[in-house]
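For the sequence shown, UniProt numbering begins at 1 and goes up steadily by one. Think of the CB as a built atom: it goes at the ideal place given N, C-alpha and C, for glycine as much as any other residue. Below is one structure, written out as C-alpha coordinates; comments come after it.
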Amino acid sequence: MNGPSDVCVYVCVAAPDIARGIRSHVAGCVRYKKGSFPCRFLNEFCTFSLPCGSRLYALWNRSAGDCLPDAVCQAAYGVFDRDNTLRAALGATLQHAARGFLARWMAWERLQAQRLDYVPEESQLRAEWARLVAAAPEPGTPLHQVRTLHDTAPEWTYTRAR
1 MNGPSDVCVY VCVAAPDIAR GIRSHVAGCV RYKKGSFPCR FLNEFCTFSL PCGSRLYALW
61 NRSAGDCLPD AVCQAAYGVF DRDNTLRAAL GATLQHAARG FLARWMAWER LQAQRLDYVP
121 EESQLRAEWA RLVAAAPEPG TPLHQVRTLH DTAPEWTYTR AR
(Lines of atoms letter the chains of each structure in order from A and count residues from 1; the text may use other names and numbers.)
(Lines give C-alpha, C1' and ligand atoms only; values in the text may rest on other atoms or scores of the structure.)
Protein backbone atom coordinates (compact mmCIF):
# COMPACT_ATOMS: atom_id res chain seq x y z
CA MET A 1 0.00 0.00 0.00
CA ASN A 2 1.37 3.37 -1.02
CA GLY A 3 -0.99 5.88 0.56
CA PRO A 4 -4.44 6.68 1.92
CA SER A 5 -6.17 5.99 -1.38
CA ASP A 6 -4.74 2.45 -1.40
CA VAL A 7 -6.10 1.91 2.11
CA CYS A 8 -9.54 3.08 0.95
CA VAL A 9 -9.45 0.74 -2.03
CA TYR A 10 -8.43 -2.15 0.24
CA VAL A 11 -11.17 -1.44 2.78
CA CYS A 12 -13.88 -0.90 0.18
CA VAL A 13 -12.99 -3.79 -2.14
CA ALA A 14 -11.07 -6.42 -0.19
CA ALA A 15 -12.82 -6.02 3.16
CA PRO A 16 -16.47 -5.20 2.55
CA ASP A 17 -17.42 -6.05 6.14
CA ILE A 18 -14.99 -3.39 7.45
CA ALA A 19 -16.28 -0.87 4.89
CA ARG A 20 -19.85 -1.65 5.93
CA GLY A 21 -18.91 -1.11 9.59
CA ILE A 22 -17.25 2.24 8.83
CA ARG A 23 -20.26 3.43 6.79
CA SER A 24 -22.61 2.30 9.55
CA HIS A 25 -20.56 4.11 12.19
CA VAL A 26 -20.44 7.36 10.18
CA ALA A 27 -24.16 7.13 9.42
CA GLY A 28 -24.83 6.70 13.13
CA CYS A 29 -22.91 9.89 13.86
CA VAL A 30 -25.11 12.07 11.62
CA ARG A 31 -27.39 14.30 13.69
CA TYR A 32 -30.15 16.65 12.61
CA LYS A 33 -30.33 20.17 14.00
CA LYS A 34 -33.83 21.46 14.48
CA GLY A 35 -34.93 25.05 14.69
CA SER A 36 -34.67 28.05 12.38
CA PHE A 37 -31.68 26.58 10.50
CA PRO A 38 -32.22 22.82 10.15
CA CYS A 39 -29.13 20.98 8.95
CA ARG A 40 -27.20 17.74 9.33
CA PHE A 41 -23.93 17.52 11.23
CA LEU A 42 -21.54 14.83 12.42
CA ASN A 43 -21.30 14.08 16.10
CA GLU A 44 -18.14 12.05 16.66
CA PHE A 45 -17.67 11.17 20.30
CA CYS A 46 -14.23 9.64 19.64
CA THR A 47 -12.96 13.16 18.97
CA PHE A 48 -13.49 13.99 22.62
CA SER A 49 -12.09 10.84 24.21
CA LEU A 50 -8.72 10.66 25.92
CA PRO A 51 -6.27 7.77 26.07
CA CYS A 52 -6.45 5.43 29.04
CA GLY A 53 -4.34 6.78 31.89
CA SER A 54 -4.46 10.39 30.67
CA ARG A 55 -4.11 13.06 33.33
CA LEU A 56 -6.24 15.55 31.41
CA TYR A 57 -9.70 16.15 32.82
CA ALA A 58 -12.66 17.97 31.38
CA LEU A 59 -13.57 20.74 33.80
CA TRP A 60 -16.95 22.40 34.09
CA ASN A 61 -16.64 26.12 34.49
CA ARG A 62 -19.05 28.96 34.93
CA SER A 63 -16.98 31.39 32.82
CA ALA A 64 -17.72 35.04 33.57
CA GLY A 65 -14.47 35.41 35.49
CA ASP A 66 -14.78 32.26 37.59
CA CYS A 67 -12.90 29.90 35.28
CA LEU A 68 -9.56 30.03 37.17
CA PRO A 69 -10.92 29.15 40.63
CA ASP A 70 -13.27 26.57 39.09
CA ALA A 71 -10.40 24.84 37.30
CA VAL A 72 -8.13 24.90 40.37
CA CYS A 73 -10.79 23.45 42.67
CA GLN A 74 -11.79 20.72 40.25
CA ALA A 75 -8.29 19.71 39.16
CA ALA A 76 -6.56 19.93 42.53
CA TYR A 77 -9.34 18.88 44.90
CA GLY A 78 -11.94 17.17 42.71
CA VAL A 79 -14.73 19.44 43.89
CA PHE A 80 -16.80 22.16 42.29
CA ASP A 81 -16.66 25.29 44.43
CA ARG A 82 -20.30 26.39 44.36
CA ASP A 83 -19.82 28.60 47.42
CA ASN A 84 -16.81 30.43 45.96
CA THR A 85 -14.61 29.42 48.89
CA LEU A 86 -11.47 29.64 46.78
CA ARG A 87 -12.33 33.16 45.63
CA ALA A 88 -12.88 34.23 49.23
CA ALA A 89 -9.52 32.70 50.19
CA LEU A 90 -7.83 34.46 47.28
CA GLY A 91 -9.29 37.80 48.35
CA ALA A 92 -8.26 37.27 51.98
CA THR A 93 -4.75 36.22 50.93
CA LEU A 94 -4.27 39.26 48.73
CA GLN A 95 -5.52 41.49 51.51
CA HIS A 96 -3.50 39.99 54.37
CA ALA A 97 -0.28 39.32 52.45
CA ALA A 98 -0.40 42.43 50.30
CA ARG A 99 3.14 43.52 51.11
CA GLY A 100 4.72 40.52 49.37
CA PHE A 101 2.27 40.32 46.50
CA LEU A 102 2.07 44.06 45.86
CA ALA A 103 5.80 44.40 45.18
CA ARG A 104 5.76 41.55 42.65
CA TRP A 105 2.60 42.78 40.98
CA MET A 106 3.95 46.35 40.68
CA ALA A 107 7.21 45.07 39.21
CA TRP A 108 5.26 43.09 36.61
CA GLU A 109 3.02 46.03 35.74
CA ARG A 110 6.02 48.34 35.39
CA LEU A 111 7.77 45.82 33.14
CA GLN A 112 4.71 45.53 30.90
CA ALA A 113 4.32 49.31 30.78
CA GLN A 114 8.01 49.76 29.96
CA ARG A 115 7.60 47.48 26.95
CA LEU A 116 4.98 49.94 25.71
CA ASP A 117 7.15 53.00 26.48
CA TYR A 118 4.93 53.97 29.37
CA VAL A 119 5.77 54.71 33.01
CA PRO A 120 2.82 54.35 35.39
CA GLU A 121 2.68 56.56 38.47
CA GLU A 122 2.85 54.99 41.93
CA SER A 123 -0.62 56.30 42.79
CA GLN A 124 -2.07 54.78 39.63
CA LEU A 125 -0.57 51.37 40.47
CA ARG A 126 -1.81 51.53 44.06
CA ALA A 127 -5.33 52.44 42.92
CA GLU A 128 -5.33 49.53 40.46
CA TRP A 129 -4.06 47.18 43.20
CA ALA A 130 -6.89 48.32 45.48
CA ARG A 131 -9.42 47.54 42.71
CA LEU A 132 -7.81 44.13 42.17
CA VAL A 133 -7.90 43.23 45.88
CA ALA A 134 -11.52 44.38 46.14
CA ALA A 135 -12.55 42.38 43.04
CA ALA A 136 -10.66 39.15 43.85
CA PRO A 137 -13.23 37.67 46.28
CA GLU A 138 -16.23 38.75 44.18
CA PRO A 139 -17.76 35.94 42.09
CA GLY A 140 -17.81 36.66 38.38
CA THR A 141 -15.04 39.26 38.31
CA PRO A 142 -12.14 38.51 35.94
CA LEU A 143 -8.89 37.30 37.49
CA HIS A 144 -6.50 37.94 34.60
CA GLN A 145 -4.49 40.47 36.62
CA VAL A 146 -4.04 38.01 39.50
CA ARG A 147 -2.34 35.65 37.06
CA THR A 148 0.62 38.01 36.83
CA LEU A 149 1.44 37.17 40.44
CA HIS A 150 2.26 33.65 39.28
CA ASP A 151 4.25 34.90 36.28
CA THR A 152 6.50 37.00 38.48
CA ALA A 153 6.99 34.36 41.18
CA PRO A 154 8.88 31.42 39.67
CA GLU A 155 9.13 29.59 42.98
CA TRP A 156 5.36 29.04 43.03
CA THR A 157 4.18 25.80 41.53
CA TYR A 158 0.85 24.35 40.51
CA THR A 159 0.06 20.68 40.98
CA ARG A 160 -1.90 18.52 38.59
CA ALA A 161 -4.59 16.13 39.70
CA ARG A 162 -3.25 12.60 40.08
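* **Residue-level contact to chain C via CB, Y32, 9 Å cutoff** => Absent here is chain C; the protein component of the structure consists of one chain.
* To do: Tell me, please, whether the stretch 116–128 touches the stretch 90–100 by the rule of three or more beta-carbon pairs shorter than 8 Å.
  => Touching, no, given that fewer than three Cβ pairs across the two stretches are closer than 8 Å.
* Short Cβ contact (9 Å threshold) for A130 with L90 -> no
* **E138 versus L125: straight-line alpha-carbon distance, rounded** => 20 Å
* Which of helix, strand or coil DSSP assigns to V119 -> Of the three classes helix, strand and coil, the one that applies to V119 here is coil, per DSSP.
* Use the C-beta contact count for residue 163: other C-beta atoms within 10 angstroms, 16 or more gives buried, fewer gives exposed. => Summary: the structure shown does not reach residue 163, with the chain confined to residues 1 through 162, and so no result is reported for it.
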